[in-house]
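A.B. asks:
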Amino acid sequence: MGFVMDEREIELGNLLAETLMAFDKGRSADVDRLLDNAGDDRLELVEMVELSLTLRGPSAPSSEAIEALAITPPFDARSWPEILTEARHAQGLKRPALVAALAKHLGIVSPDGEERVRERYHEIETGQLDPRRISTAVVDALGDILGGMRAVLDATRLNPIGPLSPSISFMRDGFDDVDGMVLLDAVMAPPAEPTVDERRVDELFGV
Amino acid sequence: MADPSVYDADLVRRARVAYTAGDLRTAQNLAAELWLRYEKQARAISRKRARGDEAEEVLGHLQLRFIKWVYFRQDEPRNMIGLLNQMASYAYGDVQRHEASQPVTVEEIEDYRQPHTDRTISTILDRAEIDQLMSVLSNRERLIIERDLADVPDVEVAAELEIEPNNLHQIRWRALKRMREAAAQQEWGS
């Protein structure tokens, strides 16, 4: 049976071979350049790459590669309350100091605003506030204050916040610097109209 | 060739058991192994959704969704490539939301419960199904794909067939195209 030469097929076939080689060597920039070289046939080339890789089957990673990847932020399986509490303790930070630094980072200077930061942070660290809803500004600020934790906090926002550990469950009733009766009074009191800064803080925390 | 889906299912099951037991280090190692098994495919899949830097962002969100799925979901894995394709469309949405400063959510992960019904090449599960697909190829095409699967260098395959590497690449391209078309048209697999 005769074989019909087709310049475009040869070109795409060569690009496929080169792209697979770039994939094998982990050269992402080369992969992207080669895919773009296919012009209008880029998507078809990507699909052929996917098909080739699918036919080859899964890789067999080394234990060293597995262990190195497993400790990166995306694989962190801890909840935010665990991460924040551990990181705060590791930094030697008492909660009032962290709250003051957080308010400063967020540009909150009024006493009512700072108090609302304290309340919202308390809710996060005790697992009462969903980290998915808080703003990037708060994640950035916490990441800086807690010493380069930005990537970890960002990667773990979707982790479930419960069930909480016994120590954190205990702290749900109040930190050691918070009077439980004061909290109870606050719950019993009719809600006051929030101030401008309180509303701003609530917005930053996704409340 | 052993069915990779059996090995994958075992990794997922053990990761979830470890997570539930609070053995996070083991859970993280198992999830990392599963991801590395399919990282190349995930890189390709992310490039079906976006280009360049944006494709890398899609890959990041895809990885995050994949890991959360391993740790926190209950459904059994059947086909990792199909699952990654499904997640990639949501990962692209994550990137769009991130760029718009909207919170990233996992509500759509509920959709992963739906079985992957798309009869495309991404539903390949094992060697038997690859063999079934290869039945549409000529002898020469089949040999080229077989040698590729056996990791034989192109220059050696070209020499064996007494053709130029360029021709080898063209034939392989054509063979893969036929396999893909066959996968889309035929009622193969289960």
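For the record, the sequence lines run as chains A and B.
All letters in the first sequence, in the order written, are residues 1 to 207 by the working numbering.
All letters in the second sequence, in the order written, are residues 1001 to 1190 by the working numbering.
The beta-carbon is built from N, C-alpha and C at its ideal position, and this holds for glycine as well.
(1) Does the stretch 103-120 of chain A touch the stretch 197-207 of chain A, meaning 3 or more C-beta pairs lie closer than 8 Å?
(2) Starting from the C-beta of B:Ser1041, find all residues in its chain whose C-beta is less than 7 Å away, skip the five residues before and the five after it, and write them out in chain order.
(3) For the stretch 1020-1039 of chain B, enumerate the residues whose C-beta is nearer than 8 Å to any C-beta of chain A, in chain order.
(4) Give the straight-line distance between the Cα atoms of A:Arg120 and B:Lys1068, rounded to the nearest whole angstrom.
(5) Scan the stretch 1007-1086 of chain B and note each continuous beta strand (DSSP E) run of 3 residues or more that stays entirely inside, going in chain order.
(6) Would you be able to state if there are at least three C-beta pairs under 8 Å between the stretch 1048-1065 of chain B and the stretch 32-49 of chain A?
(7) Is the shortest distance between the beta-carbon of A:Asp154 and the beta-carbons of chain B less than 7 Å?
(8) I need the DSSP call for B:Lys1177, collapsed to helix, strand or coil.
(9) Using a Cβ distance threshold of 8 Å, determine whether the stretch 1024-1044 of chain B contacts the stretch 139-159 of chain A, with at least three qualifying pairs required.
(10) Is the shortest distance between the beta-carbon of A:Phe205 and the beta-carbons of chain B less than 7 Å?
(11) Is A:Asp177 helix, strand or coil when you go by DSSP?
(12) Would B:Glu1181 be called buried (16 or more neighbouring beta carbons within 10 Å of its own) or exposed?
(13) So what's A:Ala63 in DSSP terms, helix, strand or just coil?
(14) Are any of the Cβ atoms in chain A nearer than 7 Å to that of B:Ile1067?
(15) Mind checking the stretch 1086-1100 of chain B against chain A and listing, in chain order, the residues whose C-beta falls within less than 8 Å of any C-beta there?
(16) Please determine if the stretch 38-49 of chain A and the stretch 1034-1048 of chain B are in contact, where contact requires at least 3 C-beta pairs separated by less than 8 Å.
(17) Beta carbons nearer than 9 Å to chain A: which residues of the stretch 1148-1167 of chain B have them?
(18) Can you find a C-beta in chain A that's less than 7 Å from the C-beta of B:Pro1077?
(19) A:Asp130: which of A:Ile161, A:Ala97 and A:His105 sits nearest, CA to CA?
(20) Whole angstroms is fine: what's the gap from A:Asn37's alpha carbon to B:Arg1013's?
(21) For a test of the three-state rule: what should DSSP assign to B:Glu1129, helix, strand or coil?
(22) Verify whether the separation of the beta carbon atoms of A:Thr136 and A:Asp76 is less than 7 Å.
(23) Can you give the Cα-Cα distance for B:Arg1147 and B:Tyr1019, rounded to whole angstroms?
(24) I want to verify the contact list: residues of chain A whose CB lies under 7 Å from the CB of B:Ile1144, in sequence order.
(25) Go through its chain and collect everything with a Cβ distance to B:Ala1158's Cβ below 6 Å, but skip five positions before and after it.
(26) For the 8 Å Cβ check, are there 3 or more pairs between the stretch 1028-1036 of chain B and the stretch 55-70 of chain A?
(27) For A:Ala103 and B:Glu1099, I'd like the C-alpha separation in whole angstroms.
(28) Note down the Cα distance separating B:Val1247 from B:Glu1160, rounded to an integer number of angstroms.
(29) Is the Cβ of A:Met241 closer than 7 Å to any Cβ of chain B?
(30) Measuring CB to CB, does B:Pro1004 end up less than 7 Å from A:Pro194?
C.D. replies: Taking the structure as given:
(1) Cβ pair count under 8 Å is three or more, so yes.
(2) Strictly speaking, residue 1041 of chain B in this sequence is Gln, with Ser absent from that position. By the criterion of a C-beta distance shorter than 7 Å, B:Gln1041 is surrounded in its chain by Ile1081 and Leu1084, once the five residues flanking it on both sides are discounted.
(3) Result list: Leu1024, Arg1025, Ala1027, Gln1028, Asn1029, Ala1031, Ala1032, Glu1033, Trp1035, Leu1036, Arg1037, Tyr1038 and Glu1039.
(4) Taken atom to atom, the span from the alpha-carbon of A:Arg120 to that of B:Lys1068 is near 26 Å.
(5) For the stretch 1007-1086 of chain B, there is no continuous beta strand (DSSP E) assignment of 3+ residues that stays within its boundaries.
(6) Verdict: yes, contact present.
(7) The C-beta of A:Asp154 comes no closer than 7 Å to any C-beta of chain B.
(8) Correct three-state label for B:Lys1177: helix.
(9) Taking 8 Å as the limit for Cβ pairs, the verdict is that the stretch 139-159 of chain A does not touch the stretch 1024-1044 of chain B.
(10) Not a single CB atom of chain B sits nearer than 7 Å to the CB of A:Phe205.
(11) Note that A:Asp177 scores 46 on pLDDT, short of 50, meaning its location in the model is unreliable; the coordinates nonetheless yield the value given after this. In the structure shown, A:Asp177 sits in coil (DSSP, three-state: anything other than H, G, I, E or B).
(12) Classification for B:Glu1181: exposed.
(13) Residue identity check: residue 63 of chain A is Ser in the sequence provided, not Ala. When secondary structure is reduced to three states using DSSP, A:Ser63 falls in the helix class.
(14) The Cβ of B:Ile1067 sits closer than 7 Å to at least one Cβ of chain A.
(15) Shown here is that no member of the stretch 1086-1100 of chain B has a Cβ falling below 8 Å from a Cβ of chain A.
(16) Yes: at least three Cβ pairs fall under 8 Å.
(17) Within the stretch 1148-1167 of chain B, the residues whose Cβ lies closer than 9 Å to some Cβ of chain A are Asp1148, Leu1149, Asp1151, Asp1154, Ile1163, Pro1165, Asn1166 and Asn1167, listed in chain order.
(18) Taking Cβ atoms only, chain A never reaches closer than 7 Å to B:Pro1077, which makes this a no.
(19) Per the Cα distances, A:Ile161.
(20) Looking at the two C-alpha atoms, the distance is approximately 42 Å.
(21) Note: B:Glu1129 maps to helix in three-state DSSP.
(22) A:Asp76 is positioned such that its CB atom lies no closer than 7 Å to that of A:Thr136.
(23) It is roughly 41 Å from the alpha-carbon of B:Arg1147 to the alpha-carbon of B:Tyr1019.
(24) What B:Ile1144 touches in chain A: nothing, since even the nearest Cβ is about 11 Å away.
(25) Taken in chain order, the residues that qualify are Pro1165 and Leu1168.
(26) Flag = yes, the stretch 1028-1036 of chain B and the stretch 55-70 of chain A touch.
(27) The straight-line gap from Cα to Cα measures roughly 25 Å.
(28) Past the boundaries of the shown model lies residue 1247 of chain B; chain B is included only from 1001 to 1190, so the question cannot be answered.
(29) Within the shown structure, residues of chain A are numbered from 1 to 207, placing residue 241 of chain A beyond reach of any answer.
(30) Judged by beta-carbon spacing, A:Pro194 lies beyond the 7 Å limit of B:Pro1004, meaning their Cβ atoms are not closer than that value.
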